[in-house]
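Chains as they are written, first to last, in the working numbering: chain V, 1 to 276; chain Y, 277 to 552.
Glycine included, C-beta positions come from ideal geometry on N, C-alpha and C.
Protein chains: 2
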Amino acid sequence: MTCIEKLREAWRKNNSLVCVGLDPIIKRFPKHMASSDEASVIFEFNKAIIDATADLVCAFKPQFAHYAAEAAESQLKQTIDYIQSEYPDVPVLLDAKRGDIGSTAEMYAREAFDRYGADALTVNPYLGRDSLEPYLSRADKGVIILCRTSNPGASDLQDLLVEEEPLYQRLAGEIACEWDTNKNCMLVVGATWPDQLSKIRLIIGDDMPLLVPGVGAQGGSAAEVIANGASQAGDGLIISSSRAILYASDGEDFADAARKACSDLRDEINVAREAL
Amino acid sequence: MTCIEKLREAWRKNNSLVCVGLDPIIKRFPKHMASSDEASVIFEFNKAIIDATADLVCAFKPQFAHYAAEAAESQLKQTIDYIQSEYPDVPVLLDAKRGDIGSTAEMYAREAFDRYGADALTVNPYLGRDSLEPYLSRADKGVIILCRTSNPGASDLQDLLVEEEPLYQRLAGEIACEWDTNKNCMLVVGATWPDQLSKIRLIIGDDMPLLVPGVGAQGGSAAEVIANGASQAGDGLIISSSRAILYASDGEDFADAARKACSDLRDEINVAREAL
Chain V
1 MTCIEKLREA
11 WRKNNSLVCV
21 GLDPIIKRFP
31 KHMASSDEAS
41 VIFEFNKAII
51 DATADLVCAF
61 KPQFAHYAAE
71 AAESQLKQTI
81 DYIQSEYPDV
91 PVLLDAKRGD
101 IGSTAEMYAR
111 EAFDRYGADA
121 LTVNPYLGRD
131 SLEPYLSRAD
141 KGVIILCRTS
151 NPGASDLQDL
161 LVEEEPLYQR
171 LAGEIACEWD
181 TNKNCMLVVG
191 ATWPDQLSKI
201 RLIIGDDMPL
211 LVPGVGAQGG
221 SAAEVIANGA
231 SQAGDGLIIS
241 SSRAILYASD
251 GEDFADAARK
261 ACSDLRDEIN
271 VAREAL
Chain Y
277 MTCIEKLREA
287 WRKNNSLVCV
297 GLDPIIKRFP
307 KHMASSDEAS
317 VIFEFNKAII
327 DATADLVCAF
337 KPQFAHYAAE
347 AAESQLKQTI
357 DYIQSEYPDV
367 PVLLDAKRGD
377 IGSTAEMYAR
387 EAFDRYGADA
397 LTVNPYLGRD
407 SLEPYLSRAD
417 KGVIILCRTS
427 NPGASDLQDL
437 LVEEEPLYQR
447 LAGEIACEWD
457 TNKNCMLVVG
467 ATWPDQLSKI
477 RLIIGDDMPL
487 LVPGVGAQGG
497 SAAEVIANGA
507 SQAGDGLIIS
517 SSRAILYASD
527 GEDFADAARK
537 ACSDLRDEIN
547 VAREAL
């Protein structure tokens, strides 16, 4: 089963477009955990969050920098191994936004897919199509390409007009028509930009999933994301939330609170899907 | 001393614009080393290369993917620690091409500058200026921004015309005029594109160093890089070579062979500098 097939199954089985971002920030961990030995507590925290939410999500998305800053590569591997063995129906999207030339990109593909065993990897398109070939050629894996990001400065490059079309739209069209020969591409589009989301959905058609960060802490609205980004079948989206779920409580009830926050987001999204 | 001051001192003291890229590929290691225990051999190899070339270079550039693919983060740290303690006059440029939004970029800055102790980090501009703020604000550290990369597909995005100007030129101008408030920016420009190199030097003026990969294995000419990219003082460049130096011999003489390849490249570059 390819990554995107696994994703479609998870959408259906868990009736959910929610992706939980596994972005460990030790100083925000529940008080009873934050006091213990630092890096080793990360897996313990992640495991509790994963167990509490796995039946409510379509994907998990560990964010690489949060592990790298803590020298916690072994905790990242342990986290991904745990999901793959206990919840094999839920795809793992490794969020590392890799971007480098051919021979080096080969190394990053090995890291993400072979060392860590991720189902998909986020990547940066600035270096052009050939720089993504080592990921694109892994047809069973997902390649999630930055298109229109959620931050305020996204407009600096991504909105520049190329033959009267913003760069991000031009890129979305190129990926859909030229780069996605193995049908394993997805795009990152920030929840903070509903207009851009609808333009991208129009350009790429119905089949390509969009990874949408930025609901919750960054201010994006789930209802607007659905109205502007969903496919005609009412899916096509991986709506990622991290802090609002992970740190819903800093007490011993943190996993229950995370489950509730995740469930609430799923419900909010599903209400919007029914209104389509 | 800031990273760029340290670089200028190394240019002068070692009379060299050469940067040795520390891109370990275990299967290309000398035969007597490649047979030993895998990841642990990386530091041993790097140490021999560093000791053999430190007086001939202006910088060392470890490439992150080569360590990440081998689960060799501890070897990367050991390598950088070794350079900082034994050759503190030679700046270490960590080549990881990071690109992510604010809170995550903070984590990558911590990783590069605090965990690994690098003097500079390569980064990707696609997410816009605010995504680079956590690096730009570290005034003592170098921020090396991708501009026109050495690969064939570089043209896919970087050459697109924005108000009749290629994107990479527009970006170079923005960085020089707007982003570089702490005077700690540098740009990546591939040696494979001498015309683009000269356009960029014209746009950014004389003060901003350029990191130029792509001589040797990728086919760029050192003489053309100097003619098109040097500052009026005959420096301003960090000319990076990896494979042609690291793997000059696969025998027990590999360090001597690396020293000779590095010295030859320095001489070739210095002949071209004298002809300016």
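Buried versus exposed, by CB contacts within 10 Å (16 or more), residue i
i                : result
THR457 (chain Y) : exposed
GLN508 (chain Y) : exposed
LYS289 (chain Y) : exposed
HIS32 (chain V)  : exposed
LEU218 (chain Y) : Outside the displayed range of chain Y (277 to 552) lies residue 218 (chain Y), so it cannot be described from this structure.
LYS6 (chain V)   : buried
LYS199 (chain V) : buried
ASP482 (chain Y) : exposed
GLU349 (chain Y) : buried
ASP114 (chain V) : exposed
PRO134 (chain V) : buried
CYS177 (chain V) : exposed
PRO88 (chain V)  : exposed
SER40 (chain V)  : exposed
For residue j and residue i, the rounded distance between their alpha carbons
i                : j                : result
VAL57 (chain V)  : PRO209 (chain V) : 15 Å
GLU38 (chain V)  : ILE245 (chain V) : 21 Å
VAL265 (chain V) : GLU44 (chain V)  : At residue 265 (chain V) the sequence reads Leu, which differs from the Val that was named. Answer to the nearest angstrom: the Cα atoms are 24 Å apart.
PHE336 (chain Y) : PRO306 (chain Y) : 20 Å
TYR82 (chain V)  : ALA415 (chain Y) : 41 Å
ARG243 (chain V) : GLY375 (chain Y) : 20 Å
LYS260 (chain V) : GLU106 (chain V) : 40 Å
PRO304 (chain V) : SER16 (chain V)  : For chain V, the structure presents residues 1 to 276; residue 304 (chain V) sits outside this window and is missing.
ASP526 (chain Y) : LYS97 (chain V)  : 34 Å
THR53 (chain V)  : GLU9 (chain V)   : 16 Å
LEU22 (chain V)  : ARG148 (chain V) : 22 Å
ASN322 (chain Y) : GLU528 (chain Y) : 14 Å
LEU403 (chain Y) : ALA257 (chain V) : 33 Å
LEU161 (chain V) : LEU171 (chain V) : 12 Å
ALA120 (chain V) : GLU274 (chain V) : 29 Å
ALA324 (chain Y) : SER150 (chain V) : 45 Å
VAL18 (chain V)  : ALA385 (chain Y) : 29 Å
ILE50 (chain V)  : GLN75 (chain V)  : 14 Å
PHE530 (chain Y) : TYR523 (chain Y) : 7 Å
PRO24 (chain V)  : ARG477 (chain Y) : 42 Å
PRO152 (chain V) : ILE377 (chain Y) : 9 Å
LEU136 (chain V) : ILE144 (chain V) : 10 Å
TYR343 (chain Y) : ALA310 (chain Y) : 15 Å
ASP55 (chain V)  : ALA65 (chain V)  : 26 Å
SER539 (chain Y) : GLU163 (chain V) : 47 Å
GLN218 (chain V) : ILE302 (chain Y) : 43 Å
ILE451 (chain Y) : LEU237 (chain V) : 34 Å
Beta-carbon proximity list for residue i, same chain, < 6 Å, skipping 5 on both sides
i                : result
LEU309 (chain V) : Limits of chain V in this structure are 1 at one end and 276 at the other, which puts residue 309 (chain V) out of reach.
ARG405 (chain Y) : TRP455
TRP11 (chain V)  : CYS58 and ASP235
ALA297 (chain V) : The question about residue 297 (chain V) has no answer here: the residues shown for chain V are numbered 1 through 276.
GLN158 (chain V) : ARG148, LEU167 and TYR168
MET277 (chain Y) : none
ARG28 (chain V)  : TYR247
Spatial neighbours of residue i in its chain, beta-carbon cut-off 8 Å, leaving aside the 5 residues before and after
i              : result
ILE4 (chain V) : GLY142, LYS183, ASN184, MET186 and PRO209
Rounded Cβ spacing between residue i and residue j (contact assumed at less than 8 Å)
i                : j                : result
VAL90 (chain V)  : ILE80 (chain V)  : The Cβ separation is near 11 Å, so there is no contact.
ILE42 (chain V)  : GLU70 (chain V)  : 7 Å
GLN63 (chain V)  : THR380 (chain Y) : 6 Å
GLN354 (chain Y) : GLY393 (chain Y) : Incorrect: roughly 11 Å between the Cβ atoms, too far for contact.
LEU94 (chain V)  : ALA112 (chain V) : 5 Å
PRO125 (chain V) : LEU146 (chain V) : 6 Å
ALA517 (chain Y) : VAL296 (chain Y) : Inspection of the sequence shows that residue 517 (chain Y) is occupied by Ser rather than by Ala. Indeed they touch by this definition, with Cβ atoms about 7 Å apart.
Close beta carbons around residue i, own chain, < 7 Å, minus the five adjacent residues each side
i                : result
GLY449 (chain Y) : ILE479
ALA222 (chain V) : VAL215, ILE239, LEU265, GLU268, ILE269 and ALA272
Check: residue i C-beta below 8 Å from any heavy atom of the ligand ZN
i               : result
GLN75 (chain V) : This structure lacks the ligand ZN; in fact it carries no ligand of any kind.
| Segments assigned alpha helix (DSSP H), at least 4 residues, entirely inside the stretch 341 to 412 of chain Y | The stretch 341 to 412 of chain Y contains these whole alpha helix (DSSP H) runs: 349 to 362, 378 to 385 and 405 to 412.
| Quick one: complete beta strand (DSSP E) runs, 3+ long, within the stretch 283 to 343 of chain Y? | Listed in chain order, the complete beta strand (DSSP E) runs (minimum 3 residues) inside the stretch 283 to 343 of chain Y are 294 to 298 and 335 to 338.
| request: Write down every uninterrupted run of the beta strand (DSSP E) in the stretch 134 to 217 of chain V whose length is 3 residues or greater and which is fully enclosed by it, in chain order. | output: If we require 3 residues or more, the beta strand (DSSP E) runs fully inside the stretch 134 to 217 of chain V come out as 142 to 148, 185 to 189 and 210 to 213.
| said: Please give the ranges of any beta strand (DSSP E) in the stretch 506 to 547 of chain Y, keeping only runs that are unbroken, at least 3 residues long and fully inside the region. | reply: Scanning the stretch 506 to 547 of chain Y from its first residue to its last, the whole beta strand (DSSP E) runs of 3-plus residues come out as 513 to 517.
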